[in-house]
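A.B. asks: The listed protein sequences derive, respectively, from chains E and Z. Throughout, my numbering is defined as the position within the first sequence, counted from one, plus 1335. Throughout, my numbering is defined as the position within the second sequence, counted from one, plus 1335. Have a look at this one before I ask anything.
Protein chains: 2
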Amino acid sequence: MCCRPEKTMSNTPITLKLLAEKLKMSVSTVSKALNNYPTINEHTKKHVQDMARELHYMPNKSAINLKEKKSRVIGVILPNLLDHFFTRSIYGIEQFATQNGYHIIIRQTNDELEEEIQSADMLLKSRVDGLIVAISKNTQDFSHFNQFESLGIPIVYYTRNPSFNLNCHKVLGNTFKGCYEATDLLIKRGHRKIAYLGGPKMISFTHDRFNGYINALKDNNIPFDANLVAYTDFDKENTIAAIQKLFADGNQAPTALVAFKELILFDAIKYLRSIDHPQVKQIECIGFGNNSFISYLDLPPIASLEENPESVGENAISLLLKLIDKEISIKNYQKVMVDCKLVVH
Amino acid sequence: MCCRPEKTMSNTPITLKLLAEKLKMSVSTVSKALNNYPTINEHTKKHVQDMARELHYMPNKSAINLKEKKSRVIGVILPNLLDHFFTRSIYGIEQFATQNGYHIIIRQTNDELEEEIQSADMLLKSRVDGLIVAISKNTQDFSHFNQFESLGIPIVYYTRNPSFNLNCHKVLGNTFKGCYEATDLLIKRGHRKIAYLGGPKMISFTHDRFNGYINALKDNNIPFDANLVAYTDFDKENTIAAIQKLFADGNQAPTALVAFKELILFDAIKYLRSIDHPQVKQIECIGFGNNSFISYLDLPPIASLEENPESVGENAISLLLKLIDKEISIKNYQKVMVDCKLVVH
DNA sequence: AAACGCATTTCAAACGTTTGAAATTCTTAC
DNA sequence: GTAAGAATTTCAAACGTTTGAAATGCGTTT
């Protein structure tokens, strides 16, 4: 229909051989010119590169991968794609991967160890060049990842880190700081009875966040009250149980909540409303998440902790590619921290 | 740490050649045995296949792709990944693709034609074997996809279809039926003034859904009132403008809403609350989406139209792979409809 | 015993790159 | 004018498959 000036696009994609013929040069010269070999004459290089551009030459990835013995595929194992954190992190990973000539295979574990093991096996068989993993909520045994190690396939763990110290590469949110700031904000707003709703105890961020909370209390000279701390996971029932614990004694009821996850707060508030808790409308809360639909809620959190999932994902794959390219030794364990941002609504 | 009985996994992955050596056969026999060639002796086949399994032989994809002149990469162009519909559809696509040895490259257009064009160019250069596209909200000119056609690279359009009849392969939600059922439900609940909030006019589902609405009215002998119809897109401002139109005259205010998208309803309700519309609490609405956080809303829709995005995605890639494999001729344009489900909350 | 037909196996080229070694061309010095 | 040396280009093998053509083995037929 519209203008199409370049009719060079033929049916069979152009190869090095064809390019070489056009240029009346050998295939190796062309290859080396395109790859900027120092032994190739500068004038020749320019000539070749110009022609390549003109004919829309695109190297065949399969051939290169075959030669380089790489698959250019990265495996990503994560609990699910319904959680916005993971969706957004995948976006960061996918963008960066594509830009660097890699593809990703995504495996969801539904937070089940068994599925995590299966995914690891599947990805091993797919000959991935590297792995990015957000462990399931109760992964303690990491032996299903040993096979990668013995093949020299690097793994970067992201977001979720086991609560014991695992010698590995990791990219984590600086969740201590985030939780400190959130607690501090609530204190500044006059709260004294601030509850902490923690997540799965197997994951280290649960403790980091708790420490942020504790430290903010301490720095503001507010005594710590163990009754104001409860733990849950991603299950609604467990959250309700935790809330019941926190609000067991009406007199002592907290006036503010800090939660390891924003979604948990929604369940919490919903429950408090359902039992017609007298102060529910006064309770102020902050959680990790920054979900976009907060604006539709009747009793929204007063602030959110934006975890920058895209950035976490990008840092994870960026590190992984450096490990794959051996820019960083696989034994030189890295720990990258990505800051959160407290967003007041 | 734990038991690891199979120590066969060596550092260099096993190839056909190695397998052939072990078996004292030629590489071609082994290849043909694994690919179940009829000229190979059944006994030999079994022997080869047993050994392959034992040694964990996995064919090298790059080599096969090189030989077959395929990239085994599918490009997916869609407006964004923040919308749950697309996230869920990507899940369906990714699962099916991986199972069939394909990878996907995801490109987000942010509903901008310009970015759609760029994505198409990028994917062409990546030598994708096929394309799955959800067009941006105002794509009318499809010439940026012509290049694929002329190279014989199949395209499947999904979810979003241009409002004029484009000769192409498409996988769409049966959104007429969904909207009919939603409207019908509202009528059954006693509503007579039911508004229809339509989406971008360039996309065919806007009209299909409108027809569902109209037909339900007709079948229930309710006169059509043009004042009860307004159009918006994904922008909040436009939605507010549409709502202002619908609720312009207090007397005539609708008591129920059907929207082309659930998220739009949230904006609508929020606005009506903000202007303290007297009947806001009585208004019942239904939209396409079935968002999980509905349960947190104060005034939730009474029902949702579950569009089964995973199924839409799966149908799209399933069709695409058939086109790639030439099981279906590329000129034999297919139209697949995926049913919605009305979920009453 | 030679010739044939059949079942089965092997050969060898090809897919599109990369890259060390070998070959060629160009400079420069004597 | 030629030889050494540097600069540049080309050769050829390799990566791991697939596949049509050729070769092999073997039982039958004449």
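In this text, a Cβ means the ideal position worked out from N, Cα and C, and glycines have one as well.
1. Between the segment 1623-1652 of chain Z and chain E, which residues of the former have a C-beta closer than 9 Å to a C-beta of the latter?
2. So, helix, strand or coil for S1664/E, using DSSP?
3. Looking at N1435/Z and L1656/Z, is the spacing between their C-beta atoms short of 8 Å?
4. To the nearest angstrom, report how far apart I1578/E and K1505/Z are at their CA atoms.
5. Can you tell me whether DSSP reads L1354/Z as helix, strand or coil?
6. Kindly list the residues whose CB is nearer than 6 Å to the CB of L1634/E, restricted to its own chain and excluding five residues on each side of it in sequence; keep chain order.
7. Between the Cα of L1466/E and those of M1457/E, N1473/E, A1594/E and K1472/E, spot the shortest distance and give me the residue it belongs to.
8. Fully enclosed by the segment 1475-1509 of chain E, which alpha helix (DSSP H) runs are 4 residues long or longer?
9. H1438/Z: buried (16+ other C-beta within 10 angstroms of its C-beta) or exposed?
10. Quick check on L1401/Z - is its C-beta less than 8 Å from some C-beta in chain E?
11. From K1676/E to E1516/E, what does the alpha carbon distance come to, in whole angstroms?
12. What is the DSSP secondary structure of Q1617/Z, reduced to helix, strand or coil?
13. Using 8 Å as the Cβ pair cut-off and three pairs as the minimum, do the segment 1514-1530 of chain Z and the segment 1480-1489 of chain Z touch?
14. To the nearest angstrom, how far is it from the Cα of P1340/Z to the Cα of Q1443/E?
15. For A1591/Z, is the classification buried or exposed, using 16 other Cβ atoms within 10 angstroms of its Cβ as the cut-off for buried?
16. Please classify E1642/Z: is it buried, with 16 or more other beta-carbons within 10 angstroms of its beta-carbon, or exposed?
17. Any C-beta of chain E sitting closer than 8 Å to the C-beta of T1474/Z?
18. For I1538/Z, which residues of its own chain have a beta-carbon under 6 Å away from its beta-carbon, when the five flanking residues on both sides are left out?
19. Can you list, in chain order, the stretches of the beta strand (DSSP E) that have 3 or more residues and sit fully within the segment 1622-1658 of chain E?
20. Helix, strand or coil for V1305/Z? Go by DSSP, reduced to three states.
21. Using a C-beta cutoff of 8 Å, does L1416/E count as contacting chain Z?
22. Should M1336/Z be flagged as near chain E, meaning a C-beta pair shorter than 8 Å?
23. How about S1424/Z: is its C-beta nearer than 8 Å to some C-beta of chain E?
24. Helix, strand or coil for K1404/Z per DSSP?
25. DSSP state of Q1443/Z, grouped into three classes?
26. Do you know offhand how far G1547/E's Cα is from G1648/E's?
27. List, in chain order, every chain Z residue whose beta-carbon is nearer than 7 Å to that of K1396/E.
28. Assuming I1575/Z contacts Y1606/Z (C-beta within less than 8 Å), just tell me the rounded distance between them.
29. If I measure Cβ to Cβ from M1672/E and keep anything under 7 Å in the same chain, skipping five residues before and after, which residues do I get?
30. In chain order, what residues of the same chain lie with their CB nearer than 7 Å to the CB of S1366/Z, ignoring the 5 residues before and after it?
31. If you measure beta-carbon to beta-carbon, which residues of the segment 1462-1490 of chain Z are closer than 9 Å to chain E?
32. Does H1378/E come out as helix, strand or coil in the three-state DSSP assignment?
33. Kindly indicate which three-state DSSP category I1538/E falls into: helix, strand or coil?
34. Does any C-beta atom of chain Z lie closer than 8 Å to the C-beta of P1348/E?
35. Leaving out the 5 sequence neighbours to the left and right, which residues in its chain are closer than 6 Å to Y1492/E when beta-carbon positions are compared?
36. In terms of DSSP beta bridges, what is V1564/Z paired with?
C.D. replies: For this structure:
1. For the segment 1623-1652 of chain Z, residues whose beta-carbon sits nearer than 9 Å to a beta-carbon of chain E comprise N1626, S1627, F1628, S1630, Y1631, L1632, D1633 and L1634.
2. Of the three classes helix, strand and coil, the one that applies to S1664/E here is coil, per DSSP.
3. Closer than 8 Å, so yes.
4. Computed Cα separation, rounded: 48 Å.
5. Helix at L1354/Z.
6. Sequence-distant Cβ neighbours of L1634/E in its own chain, meaning closer than 6 Å and more than five residues away, are I1604.
7. Closest option to L1466/E, Cα to Cα, is M1457/E.
8. The segment 1475-1509 of chain E contains these whole alpha helix (DSSP H) runs: 1481-1486.
9. A buried status is given to H1438/Z, since no fewer than 16 other beta-carbon atoms sit within 10 Å of its beta-carbon.
10. By the rule that beta-carbons nearer than 8 Å mark a contact, L1401/Z touches chain E.
11. Distance between the alpha carbons of K1676/E and E1516/E: 9 Å.
12. Looking at Q1617/Z - three-state DSSP - the assignment turns out to be coil, as it is neither helix nor strand.
13. As far as the Cβ criterion goes, the segment 1514-1530 of chain Z does not touch the segment 1480-1489 of chain Z, which means the pair count is below three.
14. Low per-residue confidence applies at P1340/Z: pLDDT is 34, beneath 50, and the placement is therefore not dependable enough to give any value.
15. Looking at its Cβ environment, which holds 16 or more other Cβ atoms inside 10 Å, A1591/Z is buried.
16. Here E1642/Z is buried: its Cβ has 16 or more other Cβ atoms, across all protein chains shown, within 10 Å.
17. No, its Cβ sits nowhere closer than 8 Å to a Cβ of chain E.
18. Shown here for I1538/Z: same chain residues with a beta carbon closer than 6 Å to its own, the five before and five after excluded, namely R1495 in chain order.
19. The segment 1622-1658 of chain E contains these whole beta strand (DSSP E) runs: 1638-1641.
20. Outside the displayed span of chain Z (1336 to 1680) sits residue 1305/Z, for which this structure offers no information.
21. True, the Cβ-Cβ gap to chain Z drops below 8 Å.
22. Legend: pLDDT at M1336/Z = 35, less than 50; position of this residue unreliable, value from coordinates given subsequently. Closer than 8 Å to some Cβ of chain E, the Cβ of M1336/Z qualifies, so yes.
23. With 8 Å as the cut-off, S1424/Z does not count as an interface residue toward chain E.
24. Three-state result, K1404/Z: coil.
25. Note: Q1443/Z maps to strand in three-state DSSP.
26. So the alpha carbons of these two residues sit roughly 23 Å apart.
27. Here the neighbours are S1406.
28. Right, the Cβ-Cβ distance comes to about 5 Å (below 8 Å), so this counts as a contact.
29. L1507 and N1509.
30. Scanning its chain for C-beta atoms nearer than 7 Å, with the 5 sequence neighbours on each side dropped, one finds around S1366/Z the residues L1351, in chain order.
31. Residues R1462, D1476, F1477, S1478, N1481, Q1482, S1485, L1486 and G1487.
32. In the structure shown, H1378/E sits in a helix (DSSP, three-state: H, G or I).
33. Strand, per DSSP.
34. Yes, because at least one Cβ of chain Z sits closer than 8 Å to the Cβ of P1348/E.
35. Cβ within range, chain order: V1468, C1503 and K1505.
36. V1564/Z is bridged to Y1531/Z.
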